[in-house]
Amino acid sequence: MSLSPDQLLAEADRCVKCGLCLPLCPTYRVHRDESESPRGRIALIQGLLGGMLKSDDTGVRESLDHCLMCRQCEGGCPSGVRYAEILDTSRVLYGSPVPRELADRVAKPSNALLGVGRFLHKAGADKLLPDGVNKRLLSLAGHSSGTEQFAPLYPAQRDPIGSVALFTGCQGPTSEPKVLKAAIECLTTCGFSVHIPEKQGCCGAVYQHAGYDEATDECCDLNQMVFDDKRFSSVVTVSSGCSLQLHEHGGLDTSVREVIDVISSHLTMEHFNPLRGEAGDLKRRVGVMIPCTQKKLGGEKAVYQLLGLLPGCDMIDLNGLGCCGAGGLNMVLLPQEAEQIAAPLLEEIMAAQPEVIVTSNVGCAMQLRDQLHQRGLSIPVQHPLELIAEAIR
Numbered sequence: 011m012s013l014s015p016d017q018l019l020a021e022a023d024r025c026v027k028c029g030l031c032l033p034l035c036p037t038y039r040v041h042r043d044e045s046e047s048p049r050g051r052i053a054l055i056q057g058l059l060g061g062m063l064k065s066d067d068t069g070v071r072e073s074l075d076h077c078l079m080c081r082q083c084e085g086g087c088p089s090g091v092r093y094a095e096i097l098d099t100s101r102v103l104y105g106s107p108v109p110r111e112l113a114d115r116v117a118k119p120s121n122a123l124l125g126v127g128r129f130l131h132k133a134g135a136d137k138l139l140p141d142g143v144n145k146r147l148l149s150l151a152g153h154s155s156g157t158e159q160f161a162p163l164y165p166a167q168r169d170p171i172g173s174v175a176l177f178t179g180c181q182g183p184t185s186e187p188k189v190l191k192a193a194i195e196c197l198t199t200c201g202f203s204v205h206i207p208e209k210q211g212c213c214g215a216v217y218q219h220a221g222y223d224e225a226t227d228e229c230c231d232l233n234q235m236v237f238d239d240k241r242f243s244s245v246v247t248v249s250s251g252c253s254l255q256l257h258e259h260g261g262l263d264t265s266v267r268e269v270i271d272v273i274s275s276h277l278t279m280e281h282f283n284p285l286r287g288e289a290g291d292l293k294r295r296v297g298v299m300i301p302c303t304q305k306k307l308g309g310e311k312a313v314y315q316l317l318g319l320l321p322g323c324d325m326i327d328l329n330g331l332g333c334c335g336a337g338g339l340n341m342v343l344l345p346q347e348a349e350q351i352a353a354p355l356l357e358e359i360m361a362a363q364p365e366v367i368v369t370s371n372v373g374c375a376m377q378l379r380d381q382l383h384q385r386g387l388s389i390p391v392q393h394p395l396e397l398i399a400e401a402i403r
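Here the numbering used here is used: the first residue of the sequence shown is 11, the next is one more, and so on.
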């Protein structure tokens with residue numbers, strides 16, 4: 011899936027170093043260091059390709075590893091430089107920031123979180139993490155008691171309008187089973203039959219951005235085998251990170267859609283329980299944190315449209331540096347960096363005092379919970395669909 015060295019150089023050379031990416035880049039805004047910017051990292055990669063720099067140079071390695079892959083720079087680049095492909099390929103050629111064993115453990119649906127915790131403990135890395143991160147991973151795994159079991163089919167609850175396949179991802183069944191249940195409830199309420207194929211696996215993002223091409227291809231092949239099925243009109247995802255990966259690199263013939271987008275197109279006020287609205291128990295201040303991956307997909311409008319159906323929902327935009335700092339496994343391997351990136355976002359949260367925070371990416375949710383916990387804040391972090399499911403019961 012990565013570029014060849016010649017293709018990498020050609021793509022890197024498209025960067026004209028104009029600097030319009032700088033104010034969009036979270037790591038540059040924190041460090042104010044050119045090597046922590048998109049154009050700076052591209053310059054480093056050009057130096058590696060030209061033999062002027064060595065990949066084992068600590069400064070070079072750290073600058074490349076710090077990238078969160080938020081891809082905000084791509085949205086502001088007048089030359090249309092494919093920054094993510096440049097960084098992904100550099101990790102194939104010059105080394106990954108993520109140990110392969112860790113990536114493998116994360117990508118296994120049966121023990122994703124518990125596997126991460128065990129790996130960190132074995133490597134001694136758990137001692138370097140803030141109190142909340144590893145404890146959060148282990149507590150989530152322990153709370154779920156292993157993988158949540160789901161039926162292969164959930165029939166539509168009203169006049170059928172279609173049939174979809176729900177992509178659970180490697181983290182969903184262990185970390186966010188309530189989100190999957192909420193998605194099923196909302197989809198079946200709208201009239202969709204929901205299939206949950208048994209042998210599905212990781213979307214491949216954890217491998218893609220770590221530079222493990224062969225493993226990425228294996229994920230792609232598995233998902234093509236499982237989801238290219240004429241019974242499904244589309245594959246729906248609850249996590250925007252999975253959705254972006256499947257959309258860009260999944261190679262599926264079946265269309266991939268965010269579940270929020272699907273539901274926002276079909277859910278109306280008639281689906282809601284009127285007693286909940288009349289009692290006023292749906293009124294709350296809701297902090298909305300749009301993940302970087304959802305911005306890349308252009309899915310912000312659907313989130314606000316869906317939450318706008320909730321009676322008395324007071325929405326508060328939470329932006330920070332435009333990224334929560336999770337950055338895939340950056341929050342585990344580079345916790346201090348993740349905390350620095352999250353700091354402005356947490357300041358906004360503390361000032362706004364929302365009653366609940368919603369975000370539609372599993373990594374972002376884990377990062378926010380951990381950062382809130384470290385600051386002694388007990389604000390719940392949920393998926394938007396959990397609020398919607400509560401309102402239609």
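The beta carbon of each residue, even a glycine, is placed where N, CA and C say it ideally should be.
Beta strand (DSSP E) segment containing Val174, residue limits = 172 to 177
Out of Ser106, Arg241, Gln82, Arg42, state which residue places its alpha-carbon closest to the alpha-carbon of Cys302.
-> Gln82
For Phe282, I'd like the list of residues in its chain whose CB is within less than 6 Å of its CB, leaving aside the five on either flank, ordered along the chain.
-> Ala401, Ile402
Contact between the stretch 270 to 280 and the stretch 347 to 363: three or more CB pairs below 8 Å?
-> no
Apart from the five residues on each side of it in sequence, which residues of its chain come closer than 6 Å, Cβ to Cβ, to Leu395?
-> Ala192, Ala193, Cys196
Residues sharing a beta bridge with Tyr164, DSSP = Val204
For Ala166, I'd like the list of residues in its chain whose CB is within less than 7 Å of its CB, leaving aside the five on either flank, ordered along the chain.
-> Thr198, Gly201, Phe202, Ser203
Are the beta-carbon atoms belonging to Arg49 and Cys25 less than 8 Å from one another?
-> yes
Work out the CA separation of Cys252 and Ile96 for me, nearest whole Å.
-> 20 Å
Mark Gly214 as exposed unless 16 or more other C-beta atoms lie within 10 angstroms of its C-beta, in which case mark it buried.
-> buried
What's the gap between the Cα of Pro183 and the Cα of Ala361?
-> 33 Å
Report all residues from its chain with a CB closer than 6 Å to the CB of Leu256; omit the five preceding and five following residues, and keep chain order.
-> Cys213, Val266
Kindly indicate the opening and closing residues of the alpha helix (DSSP H) around Gly57.
-> 48 to 59
Does the stretch 215 to 228 come close enough to the stretch 158 to 172 that 3 or more CB-CB pairs lie under 8 Å?
-> no
Mind checking whether the beta-carbon of Glu195 lies closer than 7 Å to any heavy atom of the ligand GDP?
-> The ligand GDP is not part of this structure, which contains no ligands at all.
Would you mind giving the Cβ-Cβ distance between Cys35 and Ser47, rounded to the nearest angstrom? I have them listed as a contact below 8 Å.
-> 5 Å
DSSP three-state call for Gly69: helix, strand or coil?
-> helix
With respect to the beta strand (DSSP E) encompassing Val342, which residues constitute its N-terminal and C-terminal limits?
-> Unbroken run through Val342 is the alpha helix (DSSP H), 340 to 343; no beta strand (DSSP E).
CB contact flag (Leu74, Leu63, <8 Å) = no
According to DSSP, is Asp23 helix, strand or coil?
-> coil
What three-state label does DSSP hand Arg385 in the structure shown?
-> coil
Out of Glu365, Pro109, Asp238, Asp380, state which residue places its alpha-carbon closest to the alpha-carbon of Gly322.
-> Glu365
How about Leu19 and Leu59: do their beta carbons lie closer than 8 Å?
-> yes
Hey, could you find the ends of the beta strand (DSSP E) Val298 is sitting in?
-> 294 to 298
When burial is assigned at 16 or more other CB atoms within 10 Å of the CB, is Pro15 buried or exposed?
-> exposed
Quick one: which unbroken beta strand (DSSP E) runs of 3-plus residues sit fully inside the stretch 201 to 255? Chain order, please.
-> 202 to 205, 244 to 247
DSSP state of Gln392, grouped into three classes?
-> strand
Backbone secondary structure at Val116 - three-state DSSP | helix
Collapsed DSSP secondary structure at Val102 in the structure displayed = helix
Compare the Cα-Cα distances from Arg71 to each of Gly86, Arg101, Leu307 and report the closest residue.
-> Arg101
Closest residue to Ser243 among Gln315, Pro170, Arg295 (Cα-Cα distance) = Pro170
Using a Cβ-Cβ cut-off of 6 Å (strictly less than) and excluding sequence neighbours within five positions of Val108, which residues of its own chain qualify?
-> Ala220, Leu339
Mind checking whether Ser410 and Asp114 have CB atoms under 8 Å apart?
-> Absent from the model: residue 410. The displayed extent of the chain is 11 to 403, so no value can be given.
Val366 - DSSP class collapsed to helix/strand/coil = strand
Quick one: what does DSSP say Asp16 is sitting in, helix, strand or coil?
-> helix
Thinking C-alpha only, which one of Lys118, Asn329, Asp223 is nearest Thr178?
-> Lys118
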